[in-house]
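Trainee: Got a structure for you, questions after.
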Amino acid sequence: MLQLEGLTVSYGAVQAVRGLDLSVAKGEFVALLGPNGAGKSSTIGAITGLVPSKGRVILDGKDITRLPTEARIVRGLTACPEGRHVFANLTVAENLRLGAATRSDKAGVAADIDRYCTLFPVLGERIAQAAGTLSGGEQQMLAISRALMSRPRMLLLDEPSLGLAPMIVARIFDFIGSLKADGLTVLVVEQNAAQALRFADRAYVLGTGQLRYSGTAAELAGSDLMSMYLGA
Amino acid sequence: MEYFVQQFVNALAFGSEYALVALGLAVVFSIMGLVNFAHGEVIASACYCVFLAVAVGLSQPWLAILLALAAAGAASVLLERVAFRPVRNAPTTTGLLTAFGVSIILQNLFQLLISPRPQAVPVLNGLNATWHVGGFTVSSLQVMEFLAAALSIGALVLFLNRSTLGIAMRAAARDFSTVRLMGIRANRVIAMAFAISGVLAGVAAVFILARRGSVSPDMGFGLVMKAFVACVIGGFGSLSGAAVGGMLLGFIEVGLLVALPQEHGGLKEALTYVIVIAILVYRPEGLLGSRQELGDKEI
Numbered sequence: 007m008l009q010l011e012g013l014t015v016s017y018g019a020v021q022a023v024r025g026l027d028l029s030v031a032k033g034e035f036v037a038l039l040g041p042n043g044a045g046k047s048s049t050i051g052a053i054t055g056l057v058p059s060k061g062r063v064i065l066d067g068k069d070i071t072r073l074p075t076e077a078r079i080v081r082g083l084t085a086c087p088e089g090r091h092v093f094a095n096l097t098v099a100e101n102l103r104l105g106a107a108t109r110s111d112k113a114g115v116a117a118d119i120d121r122y123c124t125l126f127p128v129l130g131e132r133i134a135q136a137a138g139t140l141s142g143g144e145q146q147m148l149a150i151s152r153a154l155m156s157r158p159r160m161l162l163l164d165e166p167s168l169g170l171a172p173m174i175v176a177r178i179f180d181f182i183g184s185l186k187a188d189g190l191t192v193l194v195v196e197q198n199a200a201q202a203l204r205f206a207d208r209a210y211v212l213g214t215g216q217l218r219y220s221g222t223a224a225e226l227a228g229s230d231l232m233s234m235y236l237g238a
Numbered sequence: 009m010e011y012f013v014q015q016f017v018n019a020l021a022f023g024s025e026y027a028l029v030a031l032g033l034a035v036v037f038s039i040m041g042l043v044n045f046a047h048g049e050v051i052a053s054a055c056y057c058v059f060l061a062v063a064v065g066l067s068q069p070w071l072a073i074l075l076a077l078a079a080a081g082a083a084s085v086l087l088e089r090v091a092f093r094p095v096r097n098a099p100t101t102t103g104l105l106t107a108f109g110v111s112i113i114l115q116n117l118f119q120l121l122i123s124p125r126p127q128a129v130p131v132l133n134g135l136n137a138t139w140h141v142g143g144f145t146v147s148s149l150q151v152m153e154f155l156a157a158a159l160s161i162g163a164l165v166l167f168l169n170r171s172t173l174g175i176a177m178r179a180a181a182r183d184f185s186t187v188r189l190m191g192i193r194a195n196r197v198i199a200m201a202f203a204i205s206g207v208l209a210g211v212a213a214v215f216i217l218a219r220r221g222s223v224s225p226d227m228g229f230g231l232v233m234k235a236f237v238a239c240v241i242g243g244f245g246s247l248s249g250a251a252v253g254g255m256l257l258g259f260i261e262v263g264l265l266v267a268l269p270q271e272h273g274g275l276k277e278a279l280t281y282v283i284v285i286a287i288l289v290y291r292p293e294g295l296l297g298s299r300q301e302l303g304d305k306e307i
């Protein structure tokens, strides 16, 4: 479904990602792991188009490298950015509504808002409250729900566990894992390798912008890369 | 008593005009971080359009009003497309210089193509009448200007809170990149900001034309400076701040006009800025501005 060919991301003279090749098949759950500064978020940024890159980004066999971010979202991609980035000045309901901005079926959008409010009751309780007043975990629930409101075919998740309590992290990953059953393709970037590997089919490990390892999650869990790169 | 009522309505009218123009600046600034000093020339463009239409036979005031609104909206969107889009990702100072450049070019074009001198546009003079309301004599234009500003601001609030594009604009003021991640086209949000800004300038242009009865190349520039000050008082980037700042500036100016003895009337401008500086010493971020106003742009 998604292929990256020779992806390179540079910030001035610094190369954050160097010639990365990566692929995610339809319905697959892939983890992109690595320590801080490995180039994981830059990779996500390049896939969404928010970060300029060289190389090719291919979605469903079509080269989308030159498409602006908005056009990539319309093609079924969605992303939940690092640091959640909920619109703090908007209500929970408005955040969810913006997530569905590419859709025109009003009834379907309303039904989906209800669905996420049932899945995460706290969102329902605070539907008219400014999103900035939610706790970190609640904001993460909102950010993921907002990303899913577009009914995407592929979800990019950037550090969903960042700054959250272990219990909340487990709950959020349980939810992300359940998305696989719905047929959603997921690429998750994580420093918390143990959580990401609970559900991942395959994993890539990045180190200083280069691919250090790729293979099944089970193989990675048994390798010494876990301790070398991921401190687990 | 009558004098005070008249001056109160006078202050409301001035404040409304500043608020309309300040809101136009703030809508664009909140989304793009651009202080559009060419906004005054959007007002002038609308007025010159009406002037040209009158020259070829337009005589209906309501048509002139519609034309002013449409011309201002179109001029503003056109400026974004031609002048500001190419420098969208450039540093803020580039945008600022571009805005000044556009402003000077347009003023010179008006001078070269039409005339450096004021040109009479009497088509809206009929709006300026004297009304007797509950024993008081007030200017119809001033009452209508306040009502039009209130209506425009009300419509803007509805749009920003009810429509998806309006909600996206509020979100974009804080975090433009994430708005694009929602699949909302950046160009659409920015074009809409300029269109709204332009139409607000058009509303102001109608009342300026009706009051002055003439157009001149530099007619908008001084007003935009005032609107800029109104934005600073209210808190730059805050829409409610722009409206409140504009209204407050109107009241400060008219208040000083009333309070100062006639022989010291010339001090009005200087004292206005003394008050503005005093407000900014007390609240450097403006009355309704806050550090959070910058949101994620701070990072």
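Protein chains in written order, with the numbering used here: chain V, 7 to 238; chain U, 9 to 307.
Using N, Cα and C, we set each Cβ at its ideal position, and we do this for glycine too.
#1: Report all residues from its chain with a CB closer than 7 Å to the CB of U:Val36; omit the five preceding and five following residues, and keep chain order.
#2: If contact means a Cβ-Cβ distance below 8 Å, which residues of the segment 161-191 of chain U contact chain V?
#3: For U:Arg170, count the other beta carbons within 10 Å of its own beta carbon; 16 or more makes it buried, fewer makes it exposed. Which is it?
#4: Return the chain-ordered ranges of every alpha helix (DSSP H) run that is complete within the segment 85-136 of chain V and spans a minimum of 4 residues.
#5: What did DSSP end up calling U:Ile112 once you bin it into helix, strand or coil?
#6: Which residue marks the beginning of the beta strand (DSSP E) containing V:Gly27, and which one marks its end?
#7: Should V:Tyr17 be labelled buried (16 or more other beta-carbon atoms within 10 Å of its own) or exposed?
#8: What alpha helix (DSSP H) runs, 4 residues minimum, are completely inside the segment 262-287 of chain U?
#9: Along chain U, which residues have their Cβ under 7 Å away from the Cβ of V:Asn95?
#10: Is DSSP giving V:Thr214 helix, strand or coil here?
#11: Please state whether DSSP places U:Ala98 in a helix, a strand or coil.
#12: Please compile the residues from chain V whose C-beta is within a distance smaller than 9 Å of the C-beta of U:Ala194.
#13: So which of V:Gly89, V:Ala52, V:Ser141, V:Pro158 has the shortest CA-CA distance to V:Leu73?
#14: Evaluate V:Glu165 with the Cβ neighbour count: other Cβ atoms within 10 Å of its Cβ, from every protein chain shown; 16 or more gives buried, anything less gives exposed.
#15: What beta strand (DSSP E) runs, 3 residues minimum, are completely inside the segment 143-201 of chain V?
#16: Across which residues does DSSP place V:Lys60 in a beta bridge pair?
#17: Quick check on DSSP: helix, strand or coil for U:Arg182?
#18: Is DSSP giving U:Ala82 helix, strand or coil here?
#19: Can the beta-carbon of U:Gly294 be found closer than 8 Å to that of U:Ala79?
#20: How would you write the range of the alpha helix (DSSP H) that U:Ala30 sits in, first residue to last?
#21: Out of U:Ser224, U:Pro99, U:Glu88, state which residue places its alpha-carbon closest to the alpha-carbon of U:Val197.
#22: Go ahead and label U:Glu306 buried or exposed: buried means 16 or more other beta carbons lie within 10 angstroms of its beta carbon, across all protein chains shown.
#23: Where DSSP assigns a beta bridge to V:Asp69, which residues make up the other side?
#24: Starting from U:Phe59, follow the alpha helix (DSSP H) in both directions and report where the run begins and ends.
#25: When the cut-off is 8 Å and only beta carbons count, does V:Glu165 lie next to chain U?
#26: Can you tell me where the alpha helix (DSSP H) holding U:Leu231 begins and where it ends?
#27: Using the beta-carbon count (16 or more within 10 Å), is V:Gln145 buried or exposed?
#28: Counting only Cβ pairs nearer than 8 Å, list the residues of chain U close to V:Leu56.
#29: Hey, could you find the ends of the alpha helix (DSSP H) U:Ser160 is sitting in?
Mentor: Taking the geometry as given:
#1: Within the same chain, Cβ atoms closer than 7 Å to the Cβ of U:Val36 are found at Leu42, Asn44, Ala201, Phe202, Ser205, the five residues on either side in sequence being excluded.
#2: Hits within the stretch, in order: Thr172, Ile175, Ala176, Arg178, Ala179, Ala181, Arg182, Asp183, Ser185, Thr186, Val187, Arg188, Leu189, Met190, Gly191.
#3: When all chains shown are included, U:Arg170 counts as exposed.
#4: For the segment 85-136 of chain V, the continuous alpha helix (DSSP H) assignments of 4+ residues that do not extend past its boundaries occur at 98-105, 112-125, 127-131, in sequence order.
#5: Assignment of U:Ile112 by DSSP, reduced to helix, strand and coil, places it in the helix class.
#6: Looking at the sequence shown, residue 27 of chain V is not Gly but Asp. For V:Asp27, the uninterrupted beta strand (DSSP E) run begins and ends at 20-30, by DSSP.
#7: Taking all protein chains in view, the Cβ of V:Tyr17 is surrounded by fewer than 16 other Cβ atoms within 10 Å, so the residue is classified as exposed.
#8: For the segment 262-287 of chain U, not a single whole alpha helix (DSSP H) run of length 4 or above is found.
#9: Neighbourhood of V:Asn95 in chain U, by CB distance below 7 Å: Arg178, Arg182, in chain order.
#10: Secondary structure of V:Thr214 (DSSP, three-state): coil.
#11: For U:Ala98, the secondary structure class from DSSP, reduced to helix, strand or coil, is coil.
#12: Going along chain V in sequence order, the residues near U:Ala194 (Cβ under 9 Å) are Pro74, Thr75, Glu76.
#13: The residue with the shortest Cα to Cα distance from V:Leu73 is V:Ala52.
#14: Answer is buried; the Cβ neighbour count reaches 16.
#15: Complete beta strand (DSSP E) runs here, min 3: 160-164, 191-196.
#16: DSSP lists V:Thr14 as the beta-bridge partner residues of V:Lys60.
#17: The answer is helix: DSSP assigns U:Arg182 an H, G or I state.
#18: Three-state DSSP puts U:Ala82 in a helix.
#19: Taking 8 Å as the Cβ cut-off, U:Gly294 and U:Ala79 do not qualify as a contacting pair.
#20: Here the alpha helix (DSSP H) through U:Ala30 covers 10-40.
#21: If you compare the alpha carbons of U:Ser224, U:Pro99, U:Glu88 with that of U:Val197, the shortest gap goes to U:Glu88.
#22: Annotation note: pLDDT 45 at U:Glu306 (below 50); position unreliable, no value reported.
#23: Its beta-bridge partners are V:Ile64.
#24: Secondary structure note for U:Phe59: its alpha helix (DSSP H) is the uninterrupted segment 47-63.
#25: Put simply, the CB of V:Glu165 is far from chain U, with every gap to its CB atoms at 8 Å or more.
#26: Per DSSP, the continuous alpha helix (DSSP H) segment holding U:Leu231 begins and ends at 229-242.
#27: Classification for V:Gln145: buried.
#28: Listed along chain U are Ser185, Arg188, Leu189, each with a C-beta nearer than 8 Å to that of V:Leu56.
#29: U:Ser160 -> alpha helix (DSSP H) spans 148-170.
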